[in-house]
Amino acid sequence: MMGMLGDIYSVFWLDLRVLRRHWMSLIATSLVLPLLYLVAFGYGLGRGMAVDGFPYLSFVIPGIVALTAFSISFNGAASKLQVDKMYYKSFDELLMSPVSSYAIIIGKALIGMVRGAISAVAIYAVGLILAPSMLISPLFFLILLLSCFVFALFGVLIAFIVSSHHGMSNFSTLVILPMTFLCGTFFSLNQLPAVAKGVLYFLPLTHSTELLRSILLDLPFPWLSFAGLLIFGVVFFIGCKVALRRSSV
Amino acid sequence: MIDCIYTENLCKEYGSVKAINNLNLSVRKGEIFGFLGPNGAGKTTTIRVLTTLTRPTSGRVSVGGYDVVTEPAKVKKEIGVVQQHLSLDRDLTALENMEFHARIQHLSSSERKKRIAELLEYIELADCANQLIDALSGGMKKKVAIACSLLHAPKLLFLDEPTVGLDAQTRRRLWDFVRRLNKDGTTIFLTTHYIEEAEVLCDRVGIMHHGQLIAVDTPTGLREKVGSTVVEILTDNKETHYQFFANREAANDYVKGLSSEAKTVIIRESNLEDVFIEQTGEKVGDQ
Ligand SMILES: Nc1ncnc2c1ncn2[C@@H]1O[C@H](COP(=O)(O)OP(=O)(O)OP(=O)(O)O)[C@@H](O)[C@H]1O
Ligand SMILES: [Mg+2]
Chain A
1 MMGMLGDIYS VFWLDLRVLR RHWMSLIATS LVLPLLYLVA FGYGLGRGMA VDGFPYLSFV
61 IPGIVALTAF SISFNGAASK LQVDKMYYKS FDELLMSPVS SYAIIIGKAL IGMVRGAISA
121 VAIYAVGLIL APSMLISPLF FLILLLSCFV FALFGVLIAF IVSSHHGMSN FSTLVILPMT
181 FLCGTFFSLN QLPAVAKGVL YFLPLTHSTE LLRSILLDLP FPWLSFAGLL IFGVVFFIGC
241 KVALRRSSV
Chain B
1001 MIDCIYTENL CKEYGSVKAI NNLNLSVRKG EIFGFLGPNG AGKTTTIRVL TTLTRPTSGR
1061 VSVGGYDVVT EPAKVKKEIG VVQQHLSLDR DLTALENMEF HARIQHLSSS ERKKRIAELL
1121 EYIELADCAN QLIDALSGGM KKKVAIACSL LHAPKLLFLD EPTVGLDAQT RRRLWDFVRR
1181 LNKDGTTIFL TTHYIEEAEV LCDRVGIMHH GQLIAVDTPT GLREKVGSTV VEILTDNKET
1241 HYQFFANREA ANDYVKGLSS EAKTVIIRES NLEDVFIEQT GEKVGDQ
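Chains A and B are the protein sequences, given in the same order.
With this note's numbering, the residue at position 92 of the first sequence is 92, and numbering never jumps.
With this note's numbering, the residue at position 149 of the second sequence is 1149, and numbering never jumps.
What follows is the structure, given as structure tokens:
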């Protein structure tokens, strides 16, 4: 067990070094898009509107926090891993080392989780200034970390599967971009017909958005989404394990 | 003697390409084994299979006494690998790359410090240790990769064209170093396009062609098999023909019997390159 933790840290150590070298620019650039969303949707479009009984700004900020957690965790884990695998070939070194595949998967996901969490907390802090009605709760941080970890695992999985630059950009356009706009970040799923709502429950970001919004707006805890997020985590993890085994062709 | 590397009817297919075609190979513990073969012969693929990176299509493979397919974790503990293509993390410095390797090879923090200092000294890069990989020259990068593979003092070292791009001094120093490692008990498996390298360094040499091993022997044994004396004849239309003979007398007799149309005739000792051309019909290093 200690060996396993040591291995996870060894894998994480490398990415942490890179983060340490570039942390300012990585964090700053990760905040641009969420802040634009906040201005365009929170202030521009949604001013004076109310959704589910909340001022739109209070409604949309938790959504943007979840969205930030999602996109930064996913990309934070996927992009470096993809470069390691396809261009540097340094991922081979890890595969030939005694580090177990479990440690590789978790270690590679951790950097995504950390980057996603930092950016999401920064947006949350901005949100607290703009919409002071939101809660500060330890549960928020727990669920945020869990969400970031699940999304980072998703990033690891996709980096394992996709083996070209072209494939990755297709995936971003066809899967990541639609999730940005469909998973309840900017509108309430209650406004949708039941069928559409049901479909959106098959996207992991939907659950994270639901969870974080409920916590920050002091709504009842959505156990269904909690279970959903856990299930996605398990599915991504198993997927990573299978993809890693099949990568040795 | 125990077989350190052993393959039985090993095959690796990529679609219709048979990268490895029924390879039966055995490398003994403690030897320096050289792998020669033209481009695309399957040398790198073989190393990838032996180092657990690539799964064989069929056949049995064991490395260090462990089955590569069923016990990869045990194999990984025994081996060090320098890949043909640079596989360093270019977002990190030379020192960080070495530290990363030391960590994933489970060296304790005091061992890490000691080994990294030793190897930096050896590759004469202590001054550049804190530079990013991209700031180093091609040969320096190669040296860092070699140092990374040696940190955990592996029992079995794979070197895929280790001296490509190294200057003459560095190459010779690396040969000495490989010999020293070997003397200390490390088994070495290397591929090369430099015939001289195989000749001076290797206890035994295998020649691979189209995924098959077509000859294995000591460098001397291989030469004797094709003939230890060779006659090179330059014909009128600027083509060179080679004739092999068991000894100089036989070669001399042959030359005496030649008609006068042969412009230039050279009689010399055969070398591994002759063996290679004779066996594969190609010249090594012809890219
Ligand atoms: N991942 C792959 N997918 C498809 N074909 C491959 C793959 N890797 C190798 N091959 C094919 O397998 C054959 C052997 O390649 P390999 O790299 O083992 O040759 P090599 O002996 O190392 O050559 P070189 O001297 O040029 O390094 C080649 O025909 C190559 O095209
Ligand atoms: Mg090769």
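Built from N, CA and C at the ideal position, the CB exists for glycine as well.
All values reported here derive from a predicted model rather than from experimental measurement.
**Report entry** Contacts that Lys89 of chain A makes with chain B (C-beta to C-beta distance below 8 Å)
**Finding:** Lys89 of chain A reaches chain B at Gln1083, His1085, Leu1086, Ser1087, counting residues in chain order whose Cβ is nearer than 8 Å.
Query raised in the report: Leaving out five residues before and five after Val1284 of chain B in sequence, what residues of the same chain have Cβ atoms less than 7 Å from its Cβ?
Result: Residue placement at Val1284 of chain B is poorly supported in this model, since its pLDDT is 49, which falls under 50; the coordinates still yield a value, given next. Here the set comprises Leu1036, Pro1038, His1193, Ile1195, Glu1273, Phe1276.
Query - Any C-beta of chain A under 8 Å from that of Ile1047 of chain B - result: The Cβ of Ile1047 of chain B sits no closer than 8 Å to any Cβ of chain A.
Query raised in the report: Does the beta carbon of Gln1212 of chain B fall short of 7 Å from some heavy atom of ligand 2?
Result: No, ligand 2 has no heavy atom inside 7 Å of this Cβ.
Query raised in the report: Is there at least one Cβ from chain B nearer than 8 Å to Trp23 of chain A's Cβ?
Result: No, no contact with chain B.
Query - DSSP-derived helix/strand/coil call for Arg1008 of chain B - result: In the sequence as presented, Arg is not what sits at residue 1008 of chain B; that position holds Glu. Here Glu1008 of chain B sits in strand by DSSP.
Report task. Compare the C-beta of Leu81 of chain A against all C-beta atoms of chain B and say whether one is closer than 8 Å. Result -> Residue contact with chain B for Leu81 of chain A: absent (no Cβ-Cβ distance below 8 Å to any residue of chain B).
Query raised in the report: Are the beta-carbon atoms of Leu110 of chain A and Phe12 of chain A separated by less than 8 Å?
Result: Leu110 of chain A is a Cβ neighbour of Phe12 of chain A, given a cutoff of 8 Å.
Query - Where Asn1021 of chain B falls: helix, strand or coil (DSSP) - result: Of the three classes helix, strand and coil, the one that applies to Asn1021 of chain B here is strand, per DSSP.
Requested in this report: Would you please verify whether the beta carbon of Gln1105 of chain B is less than 8 Å from any beta carbon of chain A?
Outcome: Chain A, which has a Cβ nearer than 8 Å to the Cβ of Gln1105 of chain B, makes this yes.
Query raised in the report: In this structure, does DSSP put Pro1129 of chain B in helix, strand or coil?
Result: It is Ala, not Pro, that sits at residue 1129 of chain B in the sequence shown. Ala1129 of chain B falls in the coil class under three-state DSSP.
Query - Distance, Cys1011 of chain B Cα to Asp1286 of chain B Cα - result: With a pLDDT of 46 at Asp1286 of chain B, under the threshold of 50, the predicted position of this residue should be treated as unreliable, though the coordinate-derived value follows. C-alpha separation (whole angstroms): 26 Å.
Query raised in the report: Mind pulling the chain B residues with CB within less than 7 Å of Ser97 of chain A?
Result: Think of a sphere of 7 Å around the beta carbon of Ser97 of chain A: the chain B residues whose beta carbon falls inside it are Lys1076, Ile1104, Gln1105, in chain order.
Query - Residues bridged to Thr1229 of chain B [DSSP beta-bridge criterion] - result: Thr1229 of chain B pairs with B:Phe1245, B:Glu1269.
Query - First through last residue of the beta strand (DSSP E) which encompasses Ile1214 of chain B - result: 1212-1217 is the extent of the beta strand (DSSP E) around Ile1214 of chain B.
Requested in this report: Mind listing, in chain order, the continuous beta strand (DSSP E) runs of no fewer than 3 residues lying wholly within the region 1120-1177 of chain B?
Outcome: Inside the region 1120-1177 of chain B, DSSP marks whole beta strand (DSSP E) runs of 3 or more residues at positions 1156-1160, from first to last along the chain.
Query raised in the report: From Ala78 of chain A to Asp92 of chain A, what does the alpha carbon distance come to, in whole angstroms?
Result: Each residue's alpha carbon lies about 16 Å from the other.
Requested in this report: Quick one: measure Cβ to Cβ for Ser10 of chain A and Ile1104 of chain B, integer angstroms, because I've assumed they're closer than 8 Å.
Outcome: With a beta-carbon spacing of about 5 Å, Ser10 of chain A and Ile1104 of chain B fall inside the 8 Å limit used to define contacts.
Query raised in the report: Listing by chain order, which chain A residues have their CB less than 8 Å from the CB of Glu1161 of chain B?
Result: Think of a sphere of 8 Å around the beta carbon of Glu1161 of chain B: no beta carbon from chain A falls inside it, the nearest being about 15 Å out.
Requested in this report: Identify every run of the alpha helix (DSSP H) within the region 183-212 of chain A, keeping only runs that are complete inside it and at least 4 residues long; order them along the chain.
Outcome: Considered as a whole, the region 183-212 of chain A harbours 194-200 as its complete alpha helix (DSSP H) runs of no fewer than 4 residues, in chain order.
Query raised in the report: Excluding sequence positions up to five away, which residues of its chain have a Cβ less than 8 Å from the Cβ of Asp218 of chain A?
Result: Excluding its 5 nearest sequence neighbours in each direction, Asp218 of chain A has C-beta neighbours in its own chain below 8 Å: Leu135, listed in chain order.
Report task. Determine the closest residue to Leu157 of chain A out of A:Tyr43, A:Tyr56, A:Ile238, with distance taken between C-alpha atoms. Result -> Residue A:Ile238 is the option with its Cα nearest to Leu157 of chain A.
Requested in this report: Check Tyr1014 of chain B in the structure and name its three-state DSSP category.
Outcome: Note: Tyr1014 of chain B maps to strand in three-state DSSP.
Query raised in the report: Looking at Gln1083 of chain B and ligand 2, is the gap between the Cβ and the nearest heavy atom below 7 Å?
Result: Because no heavy atom of ligand 2 lies under 7 Å away, the Cβ of Gln1083 of chain B does not count as near it: no.
Query - C-alpha gap between Met280 of chain A and Leu31 of chain A, whole angstroms - result: Residue 280 of chain A is absent from the model: chain A starts at 1 and stops at 249.
Report task. Apply the 10 Å Cβ neighbour rule to Tyr43 of chain A and answer buried if 16 or more other Cβ atoms are within range, or exposed otherwise. Result -> Flag for Tyr43 of chain A reads exposed.
Query - In DSSP terms, what Tyr1066 of chain B is bridged to - result: Tyr1066 of chain B is bridged to B:Val1063.
**Report entry** Near ligand 2: Asp1160 of chain B beta-carbon under 7 Å from a heavy atom
**Finding:** At least one heavy atom of ligand 2 is nearer than 7 Å to the Cβ of Asp1160 of chain B, so yes.
Report task. To the nearest angstrom, report how far apart Met168 of chain A and Phe181 of chain A are at their CA atoms. Result -> Annotation: Met168 of chain A to Phe181 of chain A spans about 19 Å, alpha carbon to alpha carbon.
Query raised in the report: Between Ala1073 of chain B and chain A, is there a C-beta pair that is closer than 8 Å?
Result: Interface annotation, Ala1073 of chain B: in contact with chain A, CB-CB separation under 8 Å.
Query raised in the report: Mind checking whether the beta-carbon of Thr1044 of chain B lies closer than 7 Å to any heavy atom of ligand 2?
Result: Answer for Thr1044 of chain B: yes, Cβ within range of ligand 2.
Report task. Answer yes or no: does any C-beta atom of chain B fall closer than 8 Å to that of Leu94 of chain A? Result -> Taking Cβ atoms only, chain B reaches closer than 8 Å to Leu94 of chain A, which makes this a yes.
Query raised in the report: For Arg1090 of chain B, which three-state DSSP category applies?
Result: The DSSP-derived three-state label of Arg1090 of chain B is coil.
Report task. Measure the beta-carbon distance from Leu1174 of chain B to Ile1133 of chain B and round it to whole angstroms, keeping in mind my assumption that it falls under 8 Å. Result -> Not confirmed; about 19 Å, so no contact.
**Report entry** In DSSP terms, what Ile161 of chain A is bridged to
**Finding:** In the DSSP output, where bridge partners are listed per residue, Ile161 of chain A has none listed.
Query raised in the report: How big is the Cα-Cα spacing for Val1075 of chain B and Gly1065 of chain B?
Result: Taking the straight line from one Cα to the other gives about 8 Å.
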